[in-house]
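Written out below as C-alpha cells is the structure these notes cover.
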Amino acid sequence: MCSSFLLCLPKVASSSSSTTILILLLLYFLIIPHCHHLHGMSAPAAILPPKHNNVTDRSSLLLFKSKMISLDHPHGLLATWNDTLPFCRWQGVVCGRRHPNRVVLLNLKSLNLVGTIPPHLANLTFLRTIDLSSNHFHGPIPQELSRLSRLQILNLSRNSLSGIIPSELSHCLGLQTIDMSYNMLGGYIPSEFGSLPSLYSLDLRNNSITGQIPTSLSNASSLNILGLSHNPLSGGIPPSLGELSVLKVLGLSSNNLEGSIPPSLWNISSLESLSLSFNQLKGSFPQDLGQKLPHLEFLIANSNQMHGSIPISLSNASQLSLIQLAINNFSGRIPPNLGSLQHLRNLILSYNQLEAREPLDWSFLNSLSNCTILELLELDQNNLGGLLPKSITNISTTLRALTMYHNSIEGSIPPEIGNLVGVTVLDLGSNFLSGRIPASIGLLRNLVILEFPFNNFSGENPIHYRQPLATKRALSRFQ
Numbered sequence: 001m002c003s004s005f006l007l008c009l010p011k012v013a014s015s016s017s018s019t020t021i022l023i024l025l026l027l028y029f030l031i032i033p034h035c036h037h038l039h040g041m042s043a044p045a046a047i048l049p050p051k052h053n054n055v056t057d058r059s060s061l062l063l064f065k066s067k068m069i070s071l072d073h074p075h076g077l078l079a080t081w082n083d084t085l086p087f088c089r090w091q092g093v094v095c096g097r098r099h100p101n102r103v104v105l106l107n108l109k110s111l112n113l114v115g116t117i118p119p120h121l122a123n124l125t126f127l128r129t130i131d132l133s134s135n136h137f138h139g140p141i142p143q144e145l146s147r148l149s150r151l152q153i154l155n156l157s158r159n160s161l162s163g164i165i166p167s168e169l170s171h172c173l174g175l176q177t178i179d180m181s182y183n184m185l186g187g188y189i190p191s192e193f194g195s196l197p198s199l200y201s202l203d204l205r206n207n208s209i210t211g212q213i214p215t216s217l218s219n220a221s222s223l224n225i226l227g228l229s230h231n232p233l234s235g236g237i238p239p240s241l242g243e244l245s246v247l248k249v250l251g252l253s254s255n256n257l258e259g260s261i262p263p264s265l266w267n268i269s270s271l272e273s274l275s276l277s278f279n280q281l282k283g284s285f286p287q288d289l290g291q292k293l294p295h296l297e298f299l300i301a302n303s304n305q306m307h308g309s310i311p312i313s314l315s316n317a318s319q320l321s322l323i324q325l326a327i328n329n330f331s332g333r334i335p336p337n338l339g340s341l342q343h344l345r346n347l348i349l350s351y352n353q354l355e356a357r358e359p360l361d362w363s364f365l366n367s368l369s370n371c372t373i374l375e376l377l378e379l380d381q382n383n384l385g386g387l388l389p390k391s392i393t394n395i396s397t398t399l400r401a402l403t404m405y406h407n408s409i410e411g412s413i414p415p416e417i418g419n420l421v422g423v424t425v426l427d428l429g430s431n432f433l434s435g436r437i438p439a440s441i442g443l444l445r446n447l448v449i450l451e452f453p454f455n456n457f458s459g460e461n462p463i464h465y466r467q468p469l470a471t472k473r474a475l476s477r478f479q
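Position 62 of the sequence shown, counting from 1, maps to 62 under full-length UniProt numbering, and the rest follow consecutively.
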C-alpha cells in the first residue's frame with residue numbers, strides 16, 4: 001500500500017489541483033509511520049521523543065550493576081536502578097543538559113560496593129566524570145576506558161584494584177584528574193601521561209608502583225598536584241620536574257629515591273607542599289630556599305641523608321605550617337627568626353646535629369613565642385647544650401608536645417613551666433638538668449606523658465608520669 005501510494009503521487013500531481021496535492025502530502029506523512037511499523041522497523045534514535053532514554057547507556061549501567069554487590073544492601077544493589085525511574089534519575093547518575101539522555105557523570109563514591117569494573121563502562125561515551133572511590137572494587141582497570149574521549153575526572157581511589165595502570169588512558173586527552181591512590185596497582189607510571197595537556201592532578205599514592213619517575217611528566221604543563229608517595233619507586237628525582245611551573249603539591253615520600261635533590265626543583269616558585277621523607281636523598285637546601293619557594297606551607301624531608309644548615313630564609317615562606325626535617329644530618333644553629341612564621345604548627349627537627357651552646361644559640365626559643373598556634377616542638381637527639389632558657393615557658397599555650405630528650409641541656413626547669421597548660425607530652429629526659437622539678441608541673445592538667453629520667457635532679461621528684469594506658473603514640477595525633 002505504501003509503495004503504491006508513492007507511485008500514485010506523481011501521477012495525481014500532474015493532473016490535479018494544488019489543493020489535491022496538499023491533501024495527498026498530508027496523507028503521506030500520516031501513513032508513512034504506520035508503514036514502518038508494519039514492516040517491523042523502528043524510528044531512528046535521532047527522532048525519539050525526549051521522554052525516551054538512550055538504550056545503550058541504560059543497558060551499560062544495568063550490566064555494571066550486575067557485576068557487583070553492596071555490603072550495605074546485599075539484597076538490592078542500588079535500589080533505584082530499575083524500571084520505575086528513568087535512568088537519568090538513578091542514584092549516582094547524572095545526565096547532560098545538552099544531551100539530556102546521555103550519562104555524563106557516574107558518582108558511586110563510598111557505597112560499600114564490591115566487584116570488578118566491567119569494560120562495558122566505556123559504552124557510556126558521554127561520560128566526563130567517573131568517581132568509584134572508597135569502595136571495594138578489585139581486579140584490573142579496564143583499558144577500554146580509554147575510549148571515553150570526553151572523560152575529564154577519573155577517581156578510582158581507595159579500592160583494591162590491581163594490575164597495571166593502562167597507558168591507553170593517555171588517549172583521553174581531556175583528562176584533568178587521575179586519582180588511583182590507595183590501591184594495589186603495580187607496574188610503572190605510564191610515560192604517556194606526560195602527553196595529557198589538561199592534566200591538573202595525578203595521584204598514585206599508596207600503591208606498589210615500581211620503576212622510575214618518567215621524565216616525560218614534565219610535559220604535562222598544567223600539572224598542579226603530583227602525588228607518588230608510598231610506592232617502591234627508585235632512581236633519582238628527574239631534573240625535568242623543575243619545568244612544571246604551576247606545580248603546587250609534590251609528594252614523593254616513602255619511596256626508594258636516591259641521589260641529590262635537583263636544583264631545578266627550587267625553581268618551582270608555585271610549590272605549596274614538598275614531601276620527600278623516607279628516601280635516601282642527599283645534599284642540602286639552598287640558603288635562599290624561602291625566597292625561591294615563597295608560597296611553601298609544608299616542608300617534609302625527614303628520614304633522609306641530608307646535611308648542611310637549616311636556611312634562615314625559611315622565614316620568608318610566611319605560610320609555612322609544618323617543618324619536618326628529623327632524622328638527617330643537619331647541623332648549625334636553629335634559625336632565630338622562625339617566630340615570624342605565624343602559621344607554624346609543627347617544628348620537628350629531632351635526630352640531627354643541630355647545636356646550641358651560648359644563650360644566643362637559644363634565641364630561636366624566644367622567637368617561637370610569637371608562633372601563637374604552635375602545637376608540636378620536637379628537638380630530641382641533637383647537640384643542644386648550655387642552660388635551659390626561661391623563654392621555653394613562653395611558648396604558645398596551644399603547644400601539645402615538647403620533647404628535647406637526649407641532648408646536653410643544663411640548669412634547672414623554670415618554675416613558669418606551668419604556663420604550658422596545653423601540653424600533653426613533656427620529655428626532657430637524658431640531659432644534665434638539675435635542681436628540683438617545679439611544683440608548677442601540677443598545673444599541667446592535660447599532661448599524659450612526663451619523662452625526666454637520666455638527669456641530675458635533687459630531692460624526691462617524679463621523673464616518670466604516664467596516664468593509664470598512655471604511650472608516646474599520643475604524639476601521632478599531632479602529626
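A virtual CB, placed ideally from N, CA and C, is assigned to each residue, including glycine.
Same chain only: Cβ atoms within 7 angstroms of residue i, ignoring 5 sequence neighbours per side
| i | result |
| --- | --- |
| residue 95 | 88, 101, 102, 103 and 104 |
| residue 144 | 119 and 122 |
| residue 126 | 96, 99, 102, 103, 104 and 150 |
| residue 247 | 223, 224, 226, 268, 270 and 271 |
| residue 172 | 146, 148, 149 and 151 |
Buried or exposed (CB count within 10 angstroms, at least 16 for buried), residue i
| i | result |
| --- | --- |
| residue 176 | buried |
| residue 404 | buried |
| residue 249 | buried |
| residue 34 | Below a pLDDT of 50, predicted positions are generally treated as unreliable, and residue 34, at 40, falls in that range; the measurement from the model is reported next regardless. By the neighbour-count rule (16 or more Cβ atoms within 10 Å), residue 34 is not buried but exposed. |
| residue 227 | buried |
| residue 71 | exposed |
| residue 37 | With a pLDDT of only 38 at residue 37, under the threshold of 50, the placement of this residue in the model should not be trusted, and no figure is reported. |
| residue 459 | exposed |
| residue 31 | Low confidence applies to residue 31: its pLDDT is 39, below 50, so where it sits in the model is not reliable, and the reading given next is rough at best. Answer is exposed; the Cβ neighbour count stays below 16. |
| residue 389 | buried |
| residue 339 | buried |
| residue 112 | exposed |
| residue 360 | exposed |
| residue 445 | exposed |
Beta-carbon proximity of residue i to residue j, cut-off 8 angstroms
| i | j | result |
| --- | --- | --- |
| residue 63 | residue 93 | no |
| residue 259 | residue 281 | yes |
| residue 408 | residue 383 | yes |
| residue 333 | residue 355 | yes |
| residue 378 | residue 349 | yes |
| residue 414 | residue 367 | no |
| residue 303 | residue 327 | yes |
| residue 267 | residue 291 | no |
| residue 319 | residue 343 | yes |
| residue 108 | residue 90 | no |
| residue 236 | residue 217 | no |
| residue 417 | residue 393 | yes |
| residue 254 | residue 229 | yes |
| residue 289 | residue 313 | yes |
| residue 169 | residue 130 | no |
Boundaries of the alpha helix (DSSP H) in which residue i is found, first to last residue
| i | result |
| --- | --- |
| residue 58 | 55–66 |
| residue 282 | Looking at the DSSP string, residue 282 is not in any alpha helix (DSSP H); the run it does join, the beta strand (DSSP E), is 280–283. |
| residue 289 | 289–292 |
| residue 137 | Careful: residue 137 lies outside any alpha helix (DSSP H), inside the beta strand (DSSP E) at 136–139. |
| residue 368 | 363–368 |
Bounding residues of the beta strand (DSSP E) (the contiguous stretch that carries residue i)
| i | result |
| --- | --- |
| residue 330 | 329–333 |
| residue 307 | 305–308 |
| residue 249 | 249–251 |
| residue 408 | 408–411 |
| residue 480 | Any question about residue 480 goes unanswered here, given that the chain covers just 1 to 479. |
| residue 179 | 177–179 |
| residue 227 | 225–227 |
Cut-off 8 angstroms between Cβ atoms - residues of its own chain near residue i, not counting five sequence neighbours on either side
| i | result |
| --- | --- |
| residue 210 | 186, 187, 188, 231, 232, 233 and 234 |
| residue 163 | 139, 140, 141, 185, 186 and 187 |
| residue 330 | 306, 307, 308, 309, 310, 349, 352, 353 and 354 |
Other residues of its chain near residue i: CB distance less than 6 angstroms, five sequence neighbours each side excluded
| i | result |
| --- | --- |
| residue 67 | 115, 116 and 118 |
| residue 159 | 135, 137 and 183 |
| residue 451 | 427 and 429 |
| residue 365 | 389, 391 and 392 |
| residue 132 | 108 and 156 |
| residue 455 | 431 and 433 |
| residue 207 | 183, 185 and 231 |
| residue 279 | 255, 257 and 304 |
Nearest-angstrom Cβ-Cβ length linking residue i and residue j, presumed shorter than 8 angstroms
| i | j | result |
| --- | --- | --- |
| residue 200 | residue 219 | Contact doesn't hold; Cβ gap of about 14 angstroms is too wide. |
| residue 157 | residue 180 | 6 angstroms |
| residue 174 | residue 191 | Not a contact, Cβ separation roughly 19 angstroms. |
| residue 239 | residue 264 | 5 angstroms |
| residue 421 | residue 443 | 7 angstroms |
Near the ligand GTP: residue i beta-carbon under 7 angstroms from a heavy atom
| i | result |
| --- | --- |
| residue 330 | With respect to small molecules bound, the structure shown includes none, and the ligand GTP cannot be examined in it. |
Min CB distance residue i to chain C below 8 angstroms
| i | result |
| --- | --- |
| residue 308 | Given the protein chain composition of this structure (a single chain), no chain C is represented. |
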